[in-house]
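Here the sequence shown is numbered in the working numbering, starting from 9 and rising by one per residue. Quick reminder that beta carbons are idealized off the backbone N, C-alpha and C, glycines included. Nothing here was measured: the structure is a model prediction, and the numbers come from that model.
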Amino acid sequence: MHTRTVLADRHALIAPDGHVPSAFPGWENATGFVILSPAMGADLSQILITFESNEGSATFPADEHEHALYIETGSATIDIEDGESIALATTGFIFIPPYTAFTLHGDESTRVTLFRKVYEPDPNLGLPPLIHGLASDVPDEPFLGHERARLQTLLPIDPRYDLAINIFTYQPGATLPFVETHIMEHGLLMLSGQGIYRLENAYYPVEAGDAIWMAPYCPQWFAAIGDTPASYLYYKNVHRLP
Ligand code: UGY
Ligand code: MN
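Spelled out as structure tokens, the structure:
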């Protein structure tokens, strides 16, 4: 038996072949696959959510956790506790502030990746507002001047947000321009294409559907290979003093 999944102290590669479902209280016809979590040493959780029927629902209580969701396939509706109902199509994203209960509704075609972590308040700033949109409407920018490695920044650059959710798209042969080593942690989902991810001193072939955890200071680098662009969605904690 073989898997590409690797769990190291400071990074992990989780290939889809090892996914095991979890059932959670208040969820109906919905399955969570907890891909990354504090149980592995991460400060965030990354959960893949699928639905077994057209009336699937997953509820999240109001507590100190903030959530950012990305609709990989199909569509979803998010009912917020104040009565607001937000419909999201494929590539839709939403940030839900802490202390906000919500229910995610989907159907058999819906696949959602959710990032969840404890919000870090800043004594001088209020809570970050709820925001949603479509990634396909968000302009991409060359990363550090590299036209063939482009970044979409889904959430506003606003210090009330203590996290960033971005999509990085590389043309075949393009690379992360240097080996990054930084205090920020990453949770990552390969959305399309394939490439080689360097994590610490190891080089891993990766492809769409793979998830990666990079602990703070995990040296990291990526090169896109193959005939089609490679893209990944990723989480990053930002805007707080260490
Ligand atoms: O935003 C980032 O730190 C990003 N350049 N990291 C990465 O793609 N591994
Ligand atoms: Mn990085």
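The set of residues whose C-beta lies within less than 6 Å of a heavy atom of the ligand MN reads, in chain order, E188, H190, H194 and Q228.
Its chain contains F110 as the residues whose beta carbon lies nearer than 6 Å to that of I88, once the 5 sequence neighbours on both sides are disregarded; these appear in chain order. Inter-residue distance for F68 and A157 is about 35 Å (C-alpha atoms, whole angstroms). Taking 8 Å as the upper bound for CB-CB distance, L163 and Y169 are in contact here, some 5 Å apart. For Y225, the shortest C-beta to heavy atom distance toward the ligand UGY is 7 Å or greater.
Annotation: P136 to E208 spans about 33 Å, alpha carbon to alpha carbon. A direct Cα-to-Cα measurement between A20 and V14 gives close to 5 Å. The secondary-structure analysis by DSSP pairs S30 across a beta bridge with G40. In this structure, the ligand UGY has a non-hydrogen atom nearer than 7 Å to the beta-carbon of N174. Judged by DSSP secondary structure, Q228 falls within the beta strand (DSSP E) whose first and last residues are Q228 to I233. Three or more beta-carbon pairs drawn from the segment 227-242 and the segment 191-208 are found closer than 8 Å, and the two stretches are therefore classed as touching. Per DSSP, reduced to three states, the secondary structure at A47 is helical. Between the ligand UGY and M192, a heavy atom-to-CB distance of less than 7 Å is present. When distances are taken from the beta-carbon of F186 to the heavy atoms of the ligand UGY, even the shortest one reaches 7 Å or more.
A Cβ-Cβ contact shorter than 8 Å links T183 with W229.
In this structure, the straight-line span from the alpha carbon of A143 to that of T11 is close to 31 Å.
For W221, the uninterrupted beta strand (DSSP E) segment begins and ends at A219 to M222.
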